[in-house]
Structure formats: structure tokens, C-alpha cells
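Encoded as C-alpha cells, the structure appears first; notes follow it.
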Amino acid sequence: MNILTKTTQLVHYLALPYLSKEDVAVDATCGNGNDTLFLAENCRYVYGFDVQKSAVSITENLLKSNELDNYCLINDGHQNIDQYVKERCAVILFNLGYLPKGDKNITTLAYTTLIAVEKCLNLLKLNGLMIITIYCGHQNGKEEKKQLLDYLLSVDENKFMIRKIENLHKEKNPPEIIVITRKSA
5 MNILTKTTQL VHYLALPYLS KEDVAVDATC GNGNDTLFLA ENCRYVYGFD
55 VQKSAVSITE NLLKSNELDN YCLINDGHQN IDQYVKERCA VILFNLGYLP
105 KGDKNITTLA YTTLIAVEKC LNLLKLNGLM IITIYCGHQN GKEEKKQLLD
155 YLLSVDENKF MIRKIENLHK EKNPPEIIVI TRKSA
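Per the numbering used here, the very first residue in the sequence shown carries number 5; after that it's consecutive.
Next up, the structure:
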């Protein structure tokens, strides 16, 4: 497996060491359920969020077909995460943009993403990991990326380590990955 060729494989490779069967995790954007499935297979419990009922349904079918029941899928925006998740989380994953093979007019938005990321920083346990994959090949994605990166520059570097992974070849707006770990309380 060459983890550098597929963004999802790279994200899973980075997240796996942070997960155990005692942990709680969050998929802040369920989409087609691949991240939710990965998390459910590797932790005690996973919360999955998506504003699109079709994404929640696709994800639920995937989890059920894999005989998993350690999840709660929520048809709501990730900006409301604090209404549902009360535990500290080992891993929190975001895939920004639109639902693959879905309506490209329905995208994540900078405003709600910034609220969600701020709340998720507070939910992240010590040495936990948040990974945000940014797909910026559309207008909302470009603005979301700009505002997100501006916000992350203001995050307390004594509490969080933040790194950015990007492709050197810039053709076709490749995804970028933001990796955040909590260093202190």
C-alpha cells in the first residue's frame, strides 16, 4: 500500500496510532462513511455528523453491512457537535468540501467549519489528534481554506501543535491536510 497516493489512506495511517478500543472518536463529515467505518473499527465509540440525510443513510448502511453498532450518526451540522458529544475524543476527522458523487452545490462552509473546529479543539483529549482534509477546488472551498488557515494561526501554540501536509504538484487543486494534536490542557 502506498499511503501517499490516496488521501484517505494517509489520513487513516496518521490516525491509527492515536486510537484504541477505549477511545471515542468523531467523524465531523460522514460523507460516504469511509472515515466513520475506519473509526468504528478502531475505537470504542464514534459519533458521525452530516447535514445531508443521504450521507447519514449511506454511512449507516456501510456500518451495518460491516456488523458494527458502536456509533451514533447525527443528521446535523458539525458546528453543533457540543450538543451531542460530551466526552474527550482521541481522534476527530473532517473532510471539507462536498459529498463525493453528491450535489456539488451543498458544501461545508467556512462559518460553520470554524465554529466546529474551535469546539473540537476543546473536545480533543491530551495527545489526541484532529485531521482536517481541505478540498479547495471549488469557490466555497477556497474561502473555507483561507479562513480556516487564518484561524489556526491564532490557536495557542503552547496547547496545540499544528502541521500542514500538501502536495508539491499543484495541478487540479489537490487536497491539503491539517494535522493538530493537543500538547497540554
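Positions of the beta carbon are idealized from the N, C-alpha and C atoms, including for glycine.
Rounded to whole angstroms, the gap between the alpha carbons of ILE138 and LYS146 is 9 Å.
Under the three-state reduction of DSSP, THR9 is assigned to coil, being neither helix nor strand.
A straight-line Cα-Cα distance of about 14 Å links LEU18 and ALA29. Under the three-state reduction of DSSP output, CYS140 falls in the coil class, being neither helix nor strand. Here VAL50 really is in contact with ALA44; their C-beta atoms are around 5 Å apart, less than 8 Å.
Boundaries of the beta strand (DSSP E) harbouring CYS93: 93-99, taken from the DSSP string.
Look at THR40 here: in three-state DSSP terms it is helix. Put simply, of PHE98, ASP160, ALA120, GLU122 the residue whose alpha carbon is nearest the alpha carbon of GLU180 is PHE98. Bounds of the alpha helix (DSSP H) holding CYS124 are 114-127. The shortest C-alpha to C-alpha distance from CYS47 to any of THR63, ILE135, LEU72 is the one to LEU72. Residue environment: GLY132 is assigned as buried (16 or more neighbouring CB atoms within 10 Å of its CB, all protein chains considered).
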